[in-house]
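Working notes, beginning with the structure itself.
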Amino acid sequence: EIAEPRKMALLRNCLGFVFPSNQRSEAYGLSLAEAAMCGKPMISCEIGTGTSYVNKAGRTGLVVPPSDPTQLAEAINRLVERPTEAANWGRAARERYARLFTADRMGKSYAELYRQLEKRKG
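Residue numbers (our numbering): 663 to 784.
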């Protein structure tokens, strides 16, 4: 476990964020949202959960198959070897975070969902 200030310092200073989870228990990938908040390009695995909603392949980073170390290594090399592309993905990740994942935005989304559910019930 990493203390919050240390975690944020690591995120701010890294080149990109790699999330190689192959476990469906990581349904959303909060750490991906934190990386996006810091404007970092991401690499994640397609595991049929919300991780690919946070990290959009080719827009905010790269998505690779789970348990495929060759493709994971190629994705990491791409981030390192193409800094302009990585920076563009990082900017897009930050913009996507601001548009979809801030506490204010999430609160409004949940409030709207509850209103819609209440209308269906009524």
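Cβ atoms here follow ideal geometry from the backbone N, Cα and C, with glycine treated the same way. No experiment lies behind these values; they were computed from the predicted model shown.
Assignment of leucine 724 by DSSP, reduced to helix, strand and coil, places it in the strand class. Pairing asparagine 684 with cysteine 707 gives a Cβ-Cβ distance under 7 Å. DSSP, read as helix, strand or coil, puts alanine 719 in strand. By the neighbour-count criterion, in which 16 or more other beta carbons inside 10 Å mark a residue as buried, alanine 671 falls on the exposed side.
A straight-line Cα-Cα distance of about 24 Å links threonine 711 and asparagine 750.
The criterion of a C-beta distance shorter than 7 Å is satisfied by glycine 752 and proline 703.
Inclusion of alanine 754 and threonine 722 in the CB contact set at 7 Å is warranted, their separation being smaller than that value. Scanning Thr764, Arg777, Glu780 for the CA closest to the CA of alanine 695 turns up Thr764. Taking C-beta atoms as the reference points, glycine 678 and leucine 741 count as a pair closer than 7 Å. Around the beta carbon of threonine 746, fewer than 16 other beta carbons lie within 10 angstroms, which makes this residue exposed. In the three-state scheme derived from DSSP, where H, G and I count as helix and E and B as strand, serine 714 is classed as helix.
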